[in-house]
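Below is one structure, written out as structure tokens, with a few remarks after it.
Numbering (the numbering used here), first residue to last: 1 to 413.
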């Protein structure tokens, strides 16, 4: 169910007043949290300076063998992100990249883009949007989503969360529903096409929605050391303000799979790899230097921006992902701040398929019921601008292209 606010400024004023009254020592608690986050920022800067992996990197083979190193898992949970090498064979990923290029060019999508629906979800970010195409139902995307390897990888990620807490079972980690997302095809030399640091899946809702406040209940009560970013309690219940490109599924991790080689400088992903950074962001908005009707610039129906004027500490930890090869995948916790480089100074295309990790739960089942007709008709999924480019595209995936796993993941069975 969408979350609605009739008067955002008045609601923000009242909510800030209520949250500060419930936490009279909000200044002291914020200083404590800031010290803990600053220590993580320093550790990240130290890792970068000595050339160590700031974001843990490991091979898919260790997932397949159920043998991921415990130290790697601990680092993954602290940093809230990972790179999984060779989820797909590099040649397979390169072939998918070629097939997607033929799909886009053969259906003359660049010409169709002139009539794309307006998407202002990232409207408050300093940079413009990257070259993301409203393509959801190509055969390579379907093949990747329903693959055994990527499914096993997402089950591994889902299991990092506490699926049972507060006396409830929040989700089934072994069920991986499909959240159909887009592709990026970014040519070399493209500039000013990045995304400034932000978090998806809710902005002002994190303070205003009662369920979101329950997600962060330990932070907002001052018991911030009890906050576990991997505790799924209340997360499948949160409500988002409806907007094109806002995600209304519960994702444990966002992610994408590389179709081309890419890395730092290639106009690609950057992360602030601190899984519990949202605790600091939430309390930052309650401090005395923030206007009464503001939450550090958060706007309804937009991504949650992380800005220099409010969040300079976090921005010191912005870290590019390591060099990726075709078939590698990167994942980041749904609360992890991320951005996209403004300039692609590399020599080749920087192409990806966005494929996140989402578990089985009532919230996600409800979205599948709305998404399934879009697949059958070749329309844009419910969360995205209603471009419906693919309804008459030649070579679009259809029901006969689904495996048994693919059918289950789309909610067909």
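Every residue gets a Cβ at the ideal spot worked out from N, C-alpha and C, and that includes glycine.
Everything numeric in this text was worked out from a predicted model, so none of it was measured.
How many Å lie between residue 284 and residue 23 at the Cα?
One C-alpha to the other measures close to 13 Å.
Report the option in 44, 72, 362 whose CA atom is closest to the CA atom of residue 171.
Checked all of 44, 72, 362; the closest Cα to residue 171 is 362.
Own chain, CB closer than 6 Å to residue 389, minus 5 neighbours either side, in chain order:
Excluding positions up to five away in sequence, the list reads 112, 134.
How many whole angstroms separate the CB atoms of residue 384 and residue 257, which I take to be in contact at a CB cut-off of 8 Å?
Actually they do not touch by this definition, with Cβ atoms about 19 Å apart.
Should residue 319 be labelled buried (16 or more other beta-carbon atoms within 10 Å of its own) or exposed?
Buried is the call here.
Thinking residue 41 and residue 317 are a contact (beta carbons under 8 Å), I'd like their distance in whole angstroms, please.
Right, their Cβ atoms sit about 5 Å apart.
Hey, is residue 300's beta-carbon within less than 8 Å of any beta-carbon in chain B?
The structure shown has no chain B; it contains just one protein chain.
Contact between the stretch 244 to 252 and the stretch 308 to 317: three or more CB pairs below 8 Å?
The answer is no - the stretch 308 to 317 does not touch the stretch 244 to 252, with fewer than three Cβ pairs under 8 Å.
For residue 118, does the three-state DSSP call read helix, strand or coil?
Confidence is the limiting factor: at residue 118 the pLDDT is only 47, short of 50, which leaves the residue's position unreliable, though a coordinate-based value still follows. When DSSP states are grouped into helix, strand and coil, residue 118 belongs to the coil group.
State buried or exposed for residue 178, treating a residue as buried only when at least 16 other CB atoms are found within 10 Å of its CB.
Here residue 178 is buried: its Cβ has 16 or more other Cβ atoms, across all protein chains shown, within 10 Å.
Residue 59 lies in the beta strand (DSSP E); which residues open and close that run?
Note, residue 59: beta strand (DSSP E), 57 to 59.
In DSSP terms, what residue 320 is bridged to
270.
Report the three-state DSSP secondary structure of residue 376 (helix, strand or coil).
Here residue 376 carries a helix assignment [DSSP, helix/strand/coil].
If you reduce the DSSP assignment to three classes, tell me which class residue 326 lands in.
Note: residue 326 maps to coil in three-state DSSP.
Determine the direct distance from the alpha carbon of residue 379 to that of residue 182, and round the result to whole angstroms.
Cα-Cα distance, rounded: 12 Å.
Does DSSP put residue 287 in a helix, in a strand, or in coil?
Residue 287 sits in coil when the DSSP states are folded into three classes, being neither helix nor strand.
Exposed or buried, residue 168, counting other C-beta atoms within 10 Å across all chains shown (16 or more means buried)?
Label assigned to residue 168: exposed.
Nearest-angstrom Cα separation, counted from residue 142 out to residue 406:
Those two C-alpha atoms are separated by around 8 Å.
Three-way DSSP call (helix, strand, coil) for residue 244 in this model:
Under the three-state reduction of DSSP, residue 244 is assigned to coil, being neither helix nor strand.
Between the stretch 337 to 355 and the stretch 229 to 237, do at least 3 Cβ pairs fall closer than 8 Å?
No, the stretch 337 to 355 does not touch the stretch 229 to 237.
I need the DSSP call for residue 353, collapsed to helix, strand or coil.
Assignment of residue 353 by DSSP, reduced to helix, strand and coil, places it in the strand class.
Are residue 423 and residue 37 touching if we call contact CB-CB under 8 Å?
Nothing about residue 423 can be read from this structure; the chain reaches only from 1 to 413.
Own chain partners of residue 117 with C-beta closer than 6 Å, once the 5 adjacent residues on each side are dropped
Unreliable positioning characterises residue 117 in this predicted model, as indicated by a pLDDT of 48, which lies under 50. The coordinate reading is nonetheless provided below. Within its own chain, the residues whose Cβ lies closer than 6 Å to the Cβ of residue 117, once the five positions on either side in sequence are excluded, are 385, 386, 387, listed in chain order.
Per-residue DSSP class, three states only, for residue 161
Three-state DSSP puts residue 161 in coil, outside helix and strand.
Between 29, 215, 263, 291, which has its C-alpha nearest residue 10's C-alpha?
Among 29, 215, 263, 291, the Cα nearest to that of residue 10 belongs to 291.
With a Cβ-Cβ cutoff of 8 Å, do residue 344 and residue 266 count as a contact?
In this structure, residue 266 lies closer than 8 Å to residue 344 by Cβ.
Alpha helix (DSSP H) containing residue 41: first to last residue?
Element bounds for residue 41: 26 to 49.
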